[in-house]
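In order, the protein sequences belong to chains P and B. Residue numbering for the first sequence follows the numbering used here, starting at 13 and increasing by one per position. Residue numbering for the second sequence follows the numbering used here, starting at 13 and increasing by one per position. The block underneath contains the structure these notes are about, expressed in structure tokens.
There are 2 protein chains.
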Amino acid sequence: MVKITDVARHAGVSPSTVSYALSGKRPISEETRQRVEASIRELGYRPHAGARALASSRSNVLALVVPLRTGIHVPVVMQFAVSVVTTARRYDHDVLLLTQEEGEDGLRRVADTALVDALIVMDVQLHDPRLPLLRSLDRPSVLIGFPAEPAGLTCIDLDFMAAGEVCVERLAGLGHRVVALVGSPPEVYVRQTAFAQRVVQGFTAAADRNGLASSVHPCEASPAAARRIAEQLLREHPALTGVVVHNEPILEPLIDAFEQLGLRVPGDLSVTAICPDELAESLRVPVTSVALPSAEVGERAVGLLMKKLGGTAVPEATLLPPRLTERGSTAPRDA
Amino acid sequence: MVKITDVARHAGVSPSTVSYALSGKRPISEETRQRVEASIRELGYRPHAGARALASSRSNVLALVVPLRTGIHVPVVMQFAVSVVTTARRYDHDVLLLTQEEGEDGLRRVADTALVDALIVMDVQLHDPRLPLLRSLDRPSVLIGFPAEPAGLTCIDLDFMAAGEVCVERLAGLGHRVVALVGSPPEVYVRQTAFAQRVVQGFTAAADRNGLASSVHPCEASPAAARRIAEQLLREHPALTGVVVHNEPILEPLIDAFEQLGLRVPGDLSVTAICPDELAESLRVPVTSVALPSAEVGERAVGLLMKKLGGTAVPEATLLPPRLTERGSTAPRDA
DNA sequence: TTCCCCCGTCGAAGCGCTTCGACGTCACCC
DNA sequence: GGGTGACGTCGAAGCGCTTCGACGGGGGAA
């Protein structure tokens, strides 16, 4: 293994000079730096991560806690993880993968052993048991999602309440008077997963505000469940002309089911969704949707963390405004 | 921060004794160990990961390279990652997440900086550019998947060739004479992704051996593509009665398409698949399938790595035999 | 009883890096 | 022209842990 002293000897300088040339924490003459860099390349030097971490008390590793629970849409989680890893690398950091299974102990472990410098936590619940721990940890963290009591934490997410509202406003603007929300699987609500709850809040508030008749329907993530929901909606709400879908896997099956029941989309029924743009675009009937900007959330979460690590204060709450894209699944009522 | 010297003082022993009590690398009297453990608990001591890594030249971290490319089924990747993380924890290791984007440089970086002790690489291609690097690295690695030339490496995967064969044998045994393979998206084959290729090999070999008429059809992962393939198959192979599907996302849409074209499954058409059991079970028509044992592969990959880290020799190739589960999608021809 | 060896523990030396204080040199200002 | 910084570099200390050699004491073998 080639170490910093080898580089120093080869370049004719002291180890500390090599270190400063690398970190830029003290001025080094252009000429010396060139020489050091040449030696590094020639010898193939790589600083030892452990030694660096010990001496600097910075590991340059971020922890990412990914959700495993049922009812969450895996591709979105993955997109998010990839975006975190990619962004972290831009800041010269790596990402340690933690599963929710380890729970609070896992968070405490990686923080207390100084394995990681900071943490990103996904799938936050309204009353998440990890919150007190995160507040007390000596390392910064960022939550993806908003708990009921976010004081003292840093949170970021799509503004799901506004997203729910935007979908309804759109339908209302097109003249629809009876709308329904087809939501995530029931267990997601039972767990009080923050984002799902907020969509319901936004949906309901906007419907009320606009004087629409509305109903909310959790739905399992299977095509069969989608069919059942479609039938139930037509039976119980015959005047229904607008549907908001917040459940990626059933988006397509649900539309199929409606059409098999004799409803054209968007002719008889307008559909809006909250889902990744790629999904909305790729469907047979492209769906008007509020984007789920996983990549942006991941990027900004890492950005926030880096600021905190750098000692800069950051806002406690970052809510990304919903962005609705018109596609082929919405039309004026009676159009 | 509480350190090992604090524990030592509190327990009335030397730091080295605390270390040995923790690692078990030298005999420590029962009584002393008890005392040390009590002090550790009382003070809330956690060894500093960086210091440990520096002194022992073991970071207790594994690298996991996950694929990002199009055409791979994300939930399977995720299952796999979770299984790796969970198993690694059982061996007191953590997992660093690398994306394929970083490529060979990323592998070299985490290995050379001693950030990780060992590596797990997924989505191996037949002629993977990373192979020479992995062979030359001073850290052990395990590949998920088999390249064309696996000598000098450790590989594990489902025996996809045998899986392809088993599916055909099953159909042949039921009397089917004309079969088709609906495979992964074209780009997967273009990249020479090992597992996809091997399924084709097994499928074709078994069909030839049994004197069946056979054809192979790559297929995009969209319902629309599934419909097109279904129509094409019926048009070009009107005598077709057996289909093998190796493409998770289109499994259900494909069956739907066949039924909409007037073919009953399994009445007119028998379907077998290579996919996770959960998927096969959850469909409207439960599908006879060869299981994709992501969890087991992950577990065993970590197990192999641990053996290698321990200095034990391990077999270069581990092929898990296919396990076919009979469900409702297969029936004898003319039954 | 003597010798040897093993058990249990200690002290000290490092692992490879960062960082702090110090120091010489040079330019610049009054 | 002497004082004052800023610049560029060095040496040494130390981050918190593991590990190696050493050593006292007790038990078994001879």
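Even for Gly, the Cβ is constructed at its ideal location relative to N, Cα and C.
Can you look up valine 309/B in the DSSP assignment and give me helix, strand or coil?
Along the second sequence, one-based indexing puts residue 309/B at 297. Correct three-state label for valine 309/B: helix.
Any C-beta of chain P under 8 Å from that of threonine 125/B:
The residue you call residue 125/B lines up with position 113 of the second sequence. Cβ-Cβ to chain P under 8 Å: yes for threonine 125/B.
Cysteine 179/B bridges to which residues according to DSSP?
In the second sequence, the residue the question calls residue 179/B occupies position 167. According to DSSP, which records beta bridges pairwise, cysteine 179/B is partnered with nothing at all.
Proximity winner among Arg147/P, Val14/P, Pro278/P and Val19/P, relative to alanine 343/P (alpha-carbon distances):
Taking the first residue of the first sequence as position 1, residue 343/P is located at position 331. When each option's Cα is compared against that of alanine 343/P, the closest is Pro278/P.
Counting only Cβ-Cβ distances shorter than 9 Å, please list the residues of the segment 82-93 of chain B near chain P, keeping chain order.
Val86, Pro87, Val89, Met90, Gln91 and Ala93
Please state if the CB of serine 282/B and the CB of glycine 254/B are separated by a distance shorter than 8 Å.
As a position in the second sequence, residue 254/B is number 242, starting the count at 1. As a position in the second sequence, residue 282/B is number 270, starting the count at 1. Yes. Within cutoff.
Pop quiz: glutamate 264/P and proline 235/B are said to be a contact at Cβ under 8 Å. What is the actual Cβ separation, rounded to whole angstroms?
As a working note, residue 264/P is residue 252 in the first sequence. As a working note, residue 235/B is residue 223 in the second sequence. With 8 Å as the limit, glutamate 264/P and proline 235/B qualify as a contact, their Cβ atoms being about 6 Å apart.
Classify leucine 273/P as helix, strand or coil using the three-state DSSP reduction.
As a working mapping, residue 273/P is identified with position 261 in the first sequence. Three-state DSSP puts leucine 273/P in coil, outside helix and strand.
Considering only the alpha carbon of each residue, which of Ala242/B, His188/B, Asp220/B and Arg53/B lies closest to arginine 345/B?
As a position in the second sequence, residue 345/B is number 333, starting the count at 1. Out of Ala242/B, His188/B, Asp220/B and Arg53/B, His188/B has the C-alpha closest to the C-alpha of arginine 345/B.
Quick one: which chain B residues come within Cβ less than 8 Å of valine 107/P?
Along the first sequence, one-based indexing puts residue 107/P at 95. What valine 107/P touches in chain B: Leu108 and Leu109.
If you measure between the beta carbons of valine 309/P and leucine 170/P, is that distance less than 8 Å?
Position 297 of the first sequence, counted from the start, is the residue given in the question as residue 309/P. Position 158 of the first sequence, counted from the start, is the residue given in the question as residue 170/P. A contact, by the Cβ cut-off of 8 Å.
Tell me which residues share the same chain as leucine 108/B and place their Cβ nearer than 6 Å to its Cβ, disregarding the 5 neighbours each side in the sequence.
Here residue 108/B corresponds to residue number 96 of the second sequence, with the count starting at 1. Contacts found: Val73, Ala75 and Val128.
Based on Cα-Cα distance, which residue from Asp268/B, Ile267/B, Glu271/B and Val14/B lies nearest to aspartate 124/P?
Here the question's residue 124/P lines up with position 112 in the first sequence. The shortest Cα separation from aspartate 124/P among Asp268/B, Ile267/B, Glu271/B and Val14/B belongs to Val14/B.
Short-range partners of chain B found in the segment 46-62 of chain P, where Cβ spacing is below 7 Å:
Arg58, Pro59, His60, Ala61 and Gly62
Taking 8 Å as the CB-CB limit, is arginine 102/B close to chain P?
Here residue 102/B corresponds to residue number 90 of the second sequence, with the count starting at 1. Cβ-Cβ to chain P under 8 Å: no for arginine 102/B.
Backbone secondary structure at glycine 323/B - three-state DSSP:
Position 311 of the second sequence holds residue 323/B. Coil at glycine 323/B, not helix or strand.
When DSSP builds the beta bridges, which residues end up paired with threonine 337/B?
Indexing the second sequence from 1 puts residue 337/B at position 325. Beta-bridge pairing links threonine 337/B to Ser301/B.
Taking the alpha-carbon positions, what's the proline 162/P to leucine 131/P distance?
Walking along the first sequence from the start, residue 162/P turns up at place 150. Walking along the first sequence from the start, residue 131/P turns up at place 119. Near 16 Å, if we compare the C-alpha coordinates of leucine 131/P and proline 162/P.
Do you know whose CA, among Glu42/B, Glu293/B and Val191/B, lies nearest aspartate 220/B's CA?
Counting from 1 along the second sequence, the entry for residue 220/B is found at position 208. Considering only alpha carbons, the answer is Val191/B.
Once you ignore the five residues that flank valine 97/P on each side, which residues in its own chain have a CB closer than 6 Å to its CB?
Here residue 97/P refers to the residue found at position 85 of the first sequence. Hits under 6 Å: Val107.
Short of 6 Å in beta carbon distance, which residues of its chain neighbour serine 341/B, apart from the five on each side in sequence? Order them along the chain.
Position 329 of the second sequence, counted from the first residue, corresponds to residue 341/B. Around serine 341/B: Val277, Pro278, Val283, Val297, Val299 and Thr300.
Which chain B residues are close to serine 71/P, counting only those with a beta carbon under 8 Å from its beta carbon?
As a first step, residue 71/P is located in the first sequence; it is residue number 59 there, counting from the start. Here the neighbours are Ala61 and Gly62.
Quick check on DSSP: helix, strand or coil for leucine 281/P?
For the purposes of this step, residue 281/P is identified with residue 269 of the first sequence, where counting begins at 1. Coil at leucine 281/P, not helix or strand.
Just to confirm the assignment, what range does the alpha helix (DSSP H) spanning histidine 22/P have?
Position 10 of the first sequence, counting from 1, holds the residue named residue 22/P. Looking at the DSSP string, the run of the alpha helix (DSSP H) that includes histidine 22/P is 16-23.
List the residues of chain B whose Cβ lies closer than 8 Å to the Cβ of proline 39/P, in chain order.
Here residue 39/P corresponds to residue number 27 of the first sequence, with the count starting at 1. The premise fails here: proline 39/P is roughly 26 Å from chain B at the closest Cβ pair, so nothing lies under 8 Å.
Note down the Cα distance separating lysine 372/P from glutamate 114/B, rounded to an integer number of angstroms.
Residue 372/P is absent from the structure shown; chain P starts at 13 and stops at 347.
Pick from Met90/P, Thr166/P and Ala238/P that is closest to leucine 295/B, judged by C-alpha positions
The residue labelled residue 295/B in the question sits at position 283 within the second sequence. Closest by alpha carbon: Ala238/P.
Taking C-beta pairs closer than 8 Å, name the residues in chain B that valine 97/P reaches, listed in chain order.
Locating residue 97/P in the first sequence gives position 85, where the first residue counts as 1. Those are Leu109, Leu110 and Thr111, listed as they occur along chain B.
May I ask whether a heavy atom of the ligand ADP can be found less than 7 Å away from the beta carbon of asparagine 259/P?
Looking at this structure, you won't find the ligand ADP or any other ligand, since it has none at all.
Inter-residue spacing [alpha-carbon to alpha-carbon] between arginine 210/P and histidine 105/P:
If you number the first sequence from 1, residue 210/P lands on position 198. If you number the first sequence from 1, residue 105/P lands on position 93. Approximately 33 Å, taken between the alpha carbons.
Extent of the continuous beta strand (DSSP E) run through alanine 254/B:
Locating residue 254/B in the second sequence gives position 242, where the first residue counts as 1. The residue you asked about is not alanine; residue 254/B is glycine in the sequence shown. Glycine 254/B -> beta strand (DSSP E) spans 254-257.
Which of the residues in the segment 218-251 of chain B, read from start to end, lie with their CB under 7 Å from any CB of chain P?
Ser234, Pro235 and Ala236
Cβ separation of aspartate 140/P and proline 159/P, assumed to be a contact under 8 Å, to the nearest whole Å:
Along the first sequence, read from residue 1 onward, the residue named residue 140/P stands at position 128. Along the first sequence, read from residue 1 onward, the residue named residue 159/P stands at position 147. About 5 Å separates the two Cβ atoms, so the contact holds.
Using a Cβ cut-off of 8 Å (strictly closer), state whether arginine 296/B contacts chain P.
Locating residue 296/B in the second sequence gives position 284, where the first residue counts as 1. Cβ-Cβ to chain P under 8 Å: yes for arginine 296/B.
Proximity test, Cβ basis, 8 Å: glutamate 293/P and chain B
Within the first sequence, residue 293/P is the residue found at index 281, counting from 1. Closer than 8 Å: no.
Specify the secondary structure class of aspartate 169/B as computed by DSSP and reduced to three states.
Position 157 of the second sequence, counting from 1, holds the residue named residue 169/B. Note: aspartate 169/B maps to strand in three-state DSSP.
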